[in-house]
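Letter by letter, the sequence shown follows residues -25 to -1, 1 to 268 of mature numbering (1 follows the signal peptide of the UniProt record, and there is no 0). Here a beta-carbon is modelled for each residue, glycine too, at the ideal position from N, C-alpha and C. Take a look at the structure set out below.
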Amino acid sequence: MKKVITMMAAFCILATLFPVQLSNASDSQVKATWLWNPYELVSQSSEVLTFLQSNQVTDVFLQIDRDLPHTIYQSFIERASEQNINIHALDGAPTWATQKGSAEYQPLINWLRSYQSLSTENQRFSGIHTDVEPYLLSEWNTSRQKTILYYQNSVKAFQNLAQELNIAFAADIPFWFDEISFQNKSYGNGLLSNWVQANTDIVTIMAYRNFADGPNGIIQLSNNEIITGSKLGKKVVIGVETGYSEEGSHLSFYNNGRATMETELTKVNDAFNESTSYHGIAIHHYASWKELK
C-alpha cells in the first residue's frame, strides 16, 4: 500500500513539474516545434530525438524535402513514435498563394500520398502542417483579394488531402489574420482567420511576443482565435519565437532565455487551460530553441 501511495505521489510531482506534457490524445495539449532542416535527420537523428524527449515535445512539424529518400523519414518517425512523438509533414511558401501556386504544391500532395501508402502505420505522418505566409508577396498589397483566393485554394487542397489520408491538417497563421476581410465567389466573405479555422483541424497562431500579459501580449493576441476555435469545435496552438529577429526585441525569447520563456508560457497555459479549443504551445524553432541560453 505504501508503495502505491509513493508512486501516486511521484506521478503528481512530475505532473506539476511538466504541466504542458500530456498524452497524445486528440483532446490533449501539445508541446510542439518546427524542424526546418530535415537533413539533420541524416546524421543527427539521435541528437534531435534526445532534445525532443528531454524537452517533453509531443509534436514536430517536419519540413519535407522530396529529394530525401523515404527511408530517412520512415526511420525517424518510427523512432519518434516509440517516444510517443507525433510527426507532421511541414511545407509552404508564399508563392503557393499565386495563380501558378498549385503547380508548386501539387508535387508535395503527390509525394505525401505515395509516402503514406508505402509506409507502415508507425512510419506515417500524423498530420499535414502548412506555413504559406501570403502577406510576404508584393501582390498582398497590390491585389490582396486575388492573393487571398489563391491562398484559400491551397488551404482547401491540403484539407482535402488530409481528409483523404485520414490525418490532421493544421496551418500557421499570424495573429492579425482576424483583421483581414475576404470576399470572392468561391468562398464567400468574412474574416480570413475565421475561414482558415473553419477549414483546418488546428491553427497555430504566430503570436510572436516574449511576454504573455498586457496589451499586445501573447494572451491578448491569441484570444480571438481561442474564442472562435471553441465556437467551431477546432483546436488552437499558440506559437512563440526563439530565433533572432530584426523586427524588434519584443518578438522573440532570443535574448530572454529558457527560464523566462517557460515562465511566460506557463502564464499562457494558465490563461487558456479551461478553453475547449486551446491545444498547447509550439516553439519556433528546433535549431534556435536548442541554442537558447
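For residue i, which residues of its own chain have a beta-carbon under 7 Å away from its beta-carbon, when the five flanking residues on both sides are left out?
i	result
D188	I194 and K242
N231	N185
E15	V23
S89	none
F133	I103, T105 and F144
T122	A72, P109, L112, E114 and W115
Am I right that residue i and residue j are in contact with their C-beta atoms under 8 Å? What's the rounded C-beta distance?
i	j	result
K6	Q31	6 Å
F100	H63	6 Å
F157	G165	7 Å
K102	I148	Residue identity differs from the one stated: residue 102 is Gly in this sequence, not Lys. 16 Å between Cβ atoms; not a contact.
Look at residue i and residue j and say whether their C-beta atoms are less than 8 Å apart.
i	j	result
T203	A146	no
W11	Q38	yes
T8	Y261	yes
L207	A246	no
V215	I155	no
Y229	T238	no
W170	S129	no
S20	F51	yes
S197	I180	yes
P69	V107	yes
With DSSP run on the structure shown, which of helix, strand or coil describes residue i?
i	result
G214	strand
A55	helix
H260	coil
N61	strand
Closer than 6 Å by C-beta to residue i: which residues in its own chain qualify, once you throw out the five before and the five after it? Chain order, please.
i	result
R233	L267
Could you pull out every residue in the same chain whose Cβ sits closer than 8 Å to the Cβ of residue i, ignoring the five residues on either side in sequence?
i	result
P13	L37, Q38, I39, D40, L43, I47 and Y48
I201	V211, F247, S250, S252 and Y253
K265	F26
Please report how far the alpha carbon of residue i lies from the alpha carbon of residue j, in whole angstroms.
i	j	result
residue 270	I213	Because the chain is modelled from -25 through 268, residue 270 falls outside the range shown and cannot be assessed.
S161	Q120	12 Å
Q4	N135	25 Å
S263	N199	28 Å
G67	V35	15 Å
T73	L167	17 Å
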